[in-house]
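S.K.:
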Ligand SMILES: C[S@@+](CC[C@H](N)C(=O)[O-])C[C@H]1O[C@@H](n2cnc3c(N)ncnc32)[C@H](O)[C@@H]1O
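Numbering (my numbering), first residue to last: 709 to 946.
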């Protein structure tokens, strides 16, 4: 969710001062998504393995590391797209009983590193922009801690790309207690409730609470919501 070192980038938008917001807006406005996240990737940090931040450490992901394999078995998932895979720090430890795992990320250097270190006959990595590129058709698209960093417009574009892939299920980060979704500049962060405008997704088929303890429990409702992509309408109502 957030990185310890990039305070400016990942302090939740609604909690930051006007000055921080102004600095961010100069930094992010009109910049291509790829350059925003590639710049974050190259910023110095204490642990180069942990690029995706403390929300992706082994404590915050303990519950979902158990629940995701259970869900995969329950739904009979054979193919999975991790969009985006980020630093692949916790996911590399998860026992995924799938025939094919594809991790995508917009940062080419990250994808190349994972390909060198983690690719095998069942696992591969590709550089893709989830808001623009064609994505493979899979049984399950898993998208954790990513759409929360995108503006409403980019987020809707990603949902459209997910749907256009012809994939079956979407499992993504949602905060069911959020009443009103705040728009941000892509590169910032805010909690999203996908059941609220402008997304208006139907109630999820399943909600997995992550038992998030970040920020003193402020985001205790942080969850993974499961939807059938066929149940999600495009912006044009299709
Ligand atoms: C906070 S990390 C989360 C990664 C991972 N899902 C996890 O749970 O650890 C967010 C990742 O999203 C990637 N990202 C942001 N926008 C993207 C886009 N439009 N297409 C693909 N990847 C993107 C960033 O490069 C970063 O690696």
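All C-beta atoms, glycine included, are put in the ideal place defined by N, C-alpha and C.
On the DSSP bridge list, what partners appear for residue 896?
M.R.: Within the chain shown, numbered from 1, the residue matching residue 896 stands at position 188. Beta-bridge pairing links residue 896 to 894.
S.K.: In the structure shown, what three-state DSSP assignment does residue 835 receive?
M.R.: Counting from one through the chain shown, the residue named residue 835 turns up at place 127. Strand.
S.K.: Under 7 Å, do residue 819 and residue 833 count as touching if we go by C-beta distance?
M.R.: Against the chain shown, residue 819 aligns to sequence position 111. Against the chain shown, residue 833 aligns to sequence position 125. Yes; because the gap between Cβ atoms is below 7 Å, this pair is in contact.
S.K.: At 3 residues or longer, and completely inside the region 780-848: list those beta strand (DSSP E) runs for me, N to C.
M.R.: Fully enclosed beta strand (DSSP E) runs of 3 or longer: 787-790, 808-813, 831-835.
S.K.: Terminal residues of the continuous alpha helix (DSSP H) containing residue 867?
M.R.: Taking the first residue of the chain shown as 1, we reach residue 867 at position 159. Run containing residue 867: 860-872, per the alpha helix (DSSP H) assignment.
S.K.: Using only CA atoms, which one of 778, 913, 909, 746 lies nearest to residue 941?
M.R.: As a first step, residue 941 is located in the chain shown; it is residue number 233 there, counting from the start. Nearest option by C-alpha distance: 909.
S.K.: Which of helix, strand or coil does DSSP assign to residue 851?
M.R.: Against the chain shown, residue 851 aligns to sequence position 143. Strand.
S.K.: If you count every other CB in all the chains shown that lies within 10 Å of the CB of residue 896, and 16 or more means buried, which is it?
M.R.: The sequence position of residue 896 within the chain shown is 188, counting from 1. It counts as buried.
S.K.: Give the DSSP-derived three-state secondary structure of residue 927 in the structure shown.
M.R.: If you number the chain shown from 1, residue 927 lands on position 219. The answer is coil: DSSP assigns residue 927 none of H, G, I, E or B.
S.K.: With burial defined as no fewer than 16 other Cβ atoms inside 10 Å of the residue's Cβ, what is the status of residue 936: buried or exposed?
M.R.: Numbered from its first residue, the chain shown carries residue 936 at position 228. Looking at its Cβ environment, which holds fewer than 16 other Cβ atoms inside 10 Å, residue 936 is exposed.
S.K.: As a quick check of your reading: which residues have a C-beta less than 5 Å from at least one non-hydrogen atom of ligand 1, in chain order?
M.R.: Qualifying residues, in the order they occur: 741, 745, 760, 764, 792, 794, 813, 814, 815, 837, 838, 839, 852, 853, 854.
S.K.: Where does residue 916 sit, in a helix, a strand or coil, going by DSSP?
M.R.: Here residue 916 refers to the residue found at position 208 of the chain shown. DSSP places residue 916 in strand when its eight states are reduced to three.
S.K.: State the CB to CB distance for the pair residue 814 and residue 741, rounded to an integer number of angstroms; the pair is presumed to be in contact (CB under 8 Å).
M.R.: Locating residue 814 in the chain shown gives position 106, counting from the first residue. Locating residue 741 in the chain shown gives position 33, counting from the first residue. The pair is a contact, with the Cβ atoms about 6 Å apart (cut-off 8 Å).
S.K.: Between which two residues does the alpha helix (DSSP H) containing residue 769 stretch?
M.R.: Your numbering for residue 769 matches position 61 in the chain shown. No alpha helix (DSSP H) holds residue 769; DSSP gives it neither H nor E.
S.K.: Between which two residues does the alpha helix (DSSP H) containing residue 748 stretch?
M.R.: For the purposes of this step, residue 748 is taken as the residue at position 40 of the chain shown. Element bounds for residue 748: 741-750.
S.K.: Does residue 801 pass the burial test, meaning 16 or more other C-beta atoms within 10 Å, or should it be called exposed?
M.R.: Along the chain shown, read from residue 1 onward, the residue named residue 801 stands at position 93. The residue in question, residue 801, is exposed, as its Cβ has fewer than 16 Cβ neighbours within 10 Å.
S.K.: Identify which residue in 938, 919, 924 has its Cα closest to the Cα of residue 773.
M.R.: By 1-based counting over the chain shown, the position of residue 773 is 65. The shortest C-alpha separation from residue 773 is found at 919.
S.K.: Find the nearest neighbour of residue 839 within the set 831, 830, 851, judged by alpha-carbon distance.
M.R.: Your numbering for residue 839 matches position 131 in the chain shown. When only C-alpha atoms are compared, the closest one is 851.
S.K.: Please classify residue 763: does DSSP put it in a helix, a strand, or coil?
M.R.: Looking up residue 763 in the chain shown gives position 55. Residue 763 falls in the helix class under three-state DSSP.
S.K.: Please state whether DSSP places residue 727 in a helix, a strand or coil.
M.R.: Residue mapping note: residue 727 aligns to position 19 of the chain shown, counting from 1. In this structure, residue 727 counts as helix in the three-state DSSP scheme.
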